[in-house]
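J.: Mind looking over this structure? Questions follow.
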Amino acid sequence: DSKGRFVLHRINREESQYKLCRINKIYIGSKKIPVAVTHDGRTIRYPDPDAKVNDTVKVDLATGKMSDIIKFELGAMVTLVRGRNAGRVGTLMHIERHLNSFDIVTVKDAKGHTFATRLHNVFVIGNGTTPQIS
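If you count the sequence shown from 1, position 46 lands on 1048 in my numbering, and the numbers rise without skipping.
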């Protein structure tokens, strides 16, 4: 809602079969096995080599395997999950890399307002104007 609180809403059966997870870390584990760690603490062994940090993966809840990758790139549809702008949805416009500090991203929402926030506050939910979740 407008105060940054998340509001529950009903989803259909198809959408309840998967979950979007943001990749926080990728590393090589024991016995040279690549591992991806998501925002909710899941560890996915043998992730797709195209998956990078800050990308979002669609995880099948029945098997725990990733099925799709939504790249963190300019023009992607994002939602903000932390900070003063939490709950806002918009398009990723610009990424500023700052060494030894927080990276800043610029987001433009549907009403045309442009605002900036820290990189770790942003969660990619779709490509272009089509979200993967409702």
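Glycine is no exception: its CB is placed at the ideal position from the N, C-alpha and C atoms.
Classify valine 1055 as buried or exposed, calling it buried when 16 or more other Cβ atoms lie within 10 Å of its own Cβ.
T.: Against the sequence shown, residue 1055 aligns to sequence position 53. Its Cβ having fewer than 16 others within 10 Å, valine 1055 is exposed.
J.: Which same chain residues, not among the five before or five after leucine 1076, have their C-beta less than 8 Å away from its C-beta?
T.: Taking the first residue of the sequence shown as position 1, residue 1076 is located at position 74. Leu1094, Met1095, His1096, Ile1097, listed in sequence order.
J.: To which residues of the same chain is proline 1133 closer than 6 Å at the C-beta, ignoring the five residues directly before and after it?
T.: On the sequence shown, residue 1133 is found 131 positions in, with the first residue counted as 1. The residues are Met1079, Ile1127.
J.: Is asparagine 1129 closer than 8 Å to isoleucine 1072 when the C-beta atoms are compared?
T.: Translated into the one-based positions of the sequence shown, residue 1072 becomes position 70. Translated into the one-based positions of the sequence shown, residue 1129 becomes position 127. A contact, by the Cβ cut-off of 8 Å.
J.: Please report the residue range of the beta strand (DSSP E) in which lysine 1034 lies.
T.: Looking up residue 1034 in the sequence shown gives position 32. From DSSP, lysine 1034 is part of no beta strand (DSSP E); its letter is neither H nor E.
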